[in-house]
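Residue numbering for the sequence shown follows UniProt numbering, starting at 1 and increasing by one per position.
For every residue, glycine included, the Cβ atom is placed at its ideal position computed from N, Cα and C.
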Amino acid sequence: MNFQELKKVVLAVAEKKAPDCSQTKRLSECNTIEELCEVAKDNLDWVRNNLSIQELIQKYDNPEVFNIGKDNTGLFNSGDRNSGYRNSGYRNSGDRNSGDLNSGYRNSGDRNSGDLNSGDLNSGDLNSGYRNSGDRNSGDLNSGDLNSGDRNSGYRNSGDRNSGVFCTRKREDTVPIFNKDSGMTWDEWYNHPAYNAAYGLMITKWVSWNNMTDEEKKDNPKAFVPEGYVKVYTYHEAWANLWKTLSDSTKNSFKELPNYDPDIFEEVTGIRFN
Numbered sequence: 001m002n003f004q005e006l007k008k009v010v011l012a013v014a015e016k017k018a019p020d021c022s023q024t025k026r027l028s029e030c031n032t033i034e035e036l037c038e039v040a041k042d043n044l045d046w047v048r049n050n051l052s053i054q055e056l057i058q059k060y061d062n063p064e065v066f067n068i069g070k071d072n073t074g075l076f077n078s079g080d081r082n083s084g085y086r087n088s089g090y091r092n093s094g095d096r097n098s099g100d101l102n103s104g105y106r107n108s109g110d111r112n113s114g115d116l117n118s119g120d121l122n123s124g125d126l127n128s129g130y131r132n133s134g135d136r137n138s139g140d141l142n143s144g145d146l147n148s149g150d151r152n153s154g155y156r157n158s159g160d161r162n163s164g165v166f167c168t169r170k171r172e173d174t175v176p177i178f179n180k181d182s183g184m185t186w187d188e189w190y191n192h193p194a195y196n197a198a199y200g201l202m203i204t205k206w207v208s209w210n211n212m213t214d215e216e217k218k219d220n221p222k223a224f225v226p227e228g229y230v231k232v233y234t235y236h237e238a239w240a241n242l243w244k245t246l247s248d249s250t251k252n253s254f255k256e257l258p259n260y261d262p263d264i265f266e267e268v269t270g271i272r273f274n
């Protein structure tokens, strides 16, 4: 099957499924196999869900054009032995990974089952650290979220191992705040304005390829594969970014917390707030 034959059949499928779609129009304007590949790369879900398209591609005169790597069952891979799509790494079952052995998507690290991780062995998402089951951690081995330290099961800790050892704490128990018992229950804390404000803290952030600076593209040469990268902020940077978005009344809600200590607050957040 040559290019014109392949284009004709693929276009027929596209026009049947989505006759008014802009991508169908793009397909009709393709003059080379490379252009057809680019349209297909931008529509991985459509290609994946149309087995007839995949079968036709395999019948093309030069099927290797769809995979630079070897032994791939998926398409558009430059690495080897991928069952997913558009991977530059190896043995990925997910899509758009530049790392290896990922079942998730858009990972630059290795062996992630979650998505958008630059670290390794994460089941959560948007982690730059390692072996996190929570999300948006820059530290390692966290089951909670938004920690810059290691081995935390709680949230928003800058230190390590903040959940204690062999604890049976319940929601009706009180929360330690600023290193002292606060007398505030976990339910009260979850409904406090300071909790809601701190929930917006972003230690990691997904930056799409189109929004990356030239310097970021230079520092992350494989970012074109997942079409972006995970930008990591230090804990103090993340708090500075959040603080700029808060109203005065929301900022004051932190001072209203039990045991408020400006020195501890500054140590954790980098912000001096008397």
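Need the endpoints of the alpha helix (DSSP H) that Asp181 sits in, please.
Translated into positions along the sequence shown, residue 181 becomes position 181. Looking at the DSSP string, Asp181 is not in any alpha helix (DSSP H); the run it does join, the beta strand (DSSP E), is Lys180 to Thr185.
List, from N- to C-terminal side, the alpha helix (DSSP H) runs of 4 residues or more that fit wholly inside the segment 184–219.
186–190, 193–198 and 214–219
Bridge partners of Tyr229, per DSSP?
Here residue 229 corresponds to residue number 229 of the sequence shown, with the count starting at 1. Bridge partners of Tyr229: Val207.
From Ala240, Lys8, Gly114 and Asn72, pick the residue whose C-alpha is nearest to that of Leu56; which is it?
Position 56 of the sequence shown, counted from the start, is the residue given in the question as residue 56. Cα-wise, what sits closest to Leu56 is Lys8.
From this set, Asn62, Lys217 and Ser182, which residue's C-alpha is nearest Asn259's C-alpha?
As a first step, residue 259 must be located in the sequence shown, where it is residue number 259. Per the Cα distances, Ser182.
According to the Cβ coordinates, are residue 297 and Met202 closer than 9 Å?
Outside the shown range of the chain, which is 1 to 274, sits residue 297, and nothing can be said about it.
Who are the near neighbours of Asn2 in its chain, counting only those whose CB is closer than 6 Å to its CB and skipping five residues on each side?
As a position in the sequence shown, residue 2 is number 2, starting the count at 1. Excluding positions up to five away in sequence, the list reads Asp61.
Take Glu15 and list the residues in its own chain whose beta-carbon comes closer than 8 Å to its own, dropping the five residues that flank it on each side.
Position 15 of the sequence shown, counted from the first residue, corresponds to residue 15. Around Glu15: Thr24.
Under a three-way DSSP split, which group does Glu266 fall into?
For the purposes of this step, residue 266 is taken as residue 266 along the sequence shown, with counting starting at 1. DSSP places Glu266 in helix when its eight states are reduced to three.
Evaluate Ser88 with the Cβ neighbour count: other Cβ atoms within 10 Å of its Cβ, from every protein chain shown; 16 or more gives buried, anything less gives exposed.
Taking the first residue of the sequence shown as 1, we reach residue 88 at position 88. It is buried - the Cβ of Ser88 has at least 16 other Cβ atoms within 10 Å.
Where Asn196 and Tyr190 are concerned, what is the direct C-alpha to C-alpha distance, given to the nearest angstrom?
One-based indexing of the sequence shown puts residue 196 at position 196. One-based indexing of the sequence shown puts residue 190 at position 190. Taking the straight line from one Cα to the other gives about 7 Å.
Mark Asn210 as exposed unless 16 or more other C-beta atoms lie within 10 angstroms of its C-beta, in which case mark it buried.
Within the sequence shown, numbered from 1, the residue matching residue 210 stands at position 210. When all chains shown are included, Asn210 counts as exposed.
Have a look at Pro176 and Ser98 and give me their C-alpha separation to the nearest angstrom.
Residue 176 sits at position 176 when you count from the first residue of the sequence shown. Residue 98 sits at position 98 when you count from the first residue of the sequence shown. Roughly 41 Å separates the two Cα atoms.
Please report how far the alpha carbon of Thr32 lies from the alpha carbon of Tyr229, in whole angstroms.
Against the sequence shown, residue 32 aligns to sequence position 32. Against the sequence shown, residue 229 aligns to sequence position 229. Whole-angstrom Cα-Cα distance: 30 Å.
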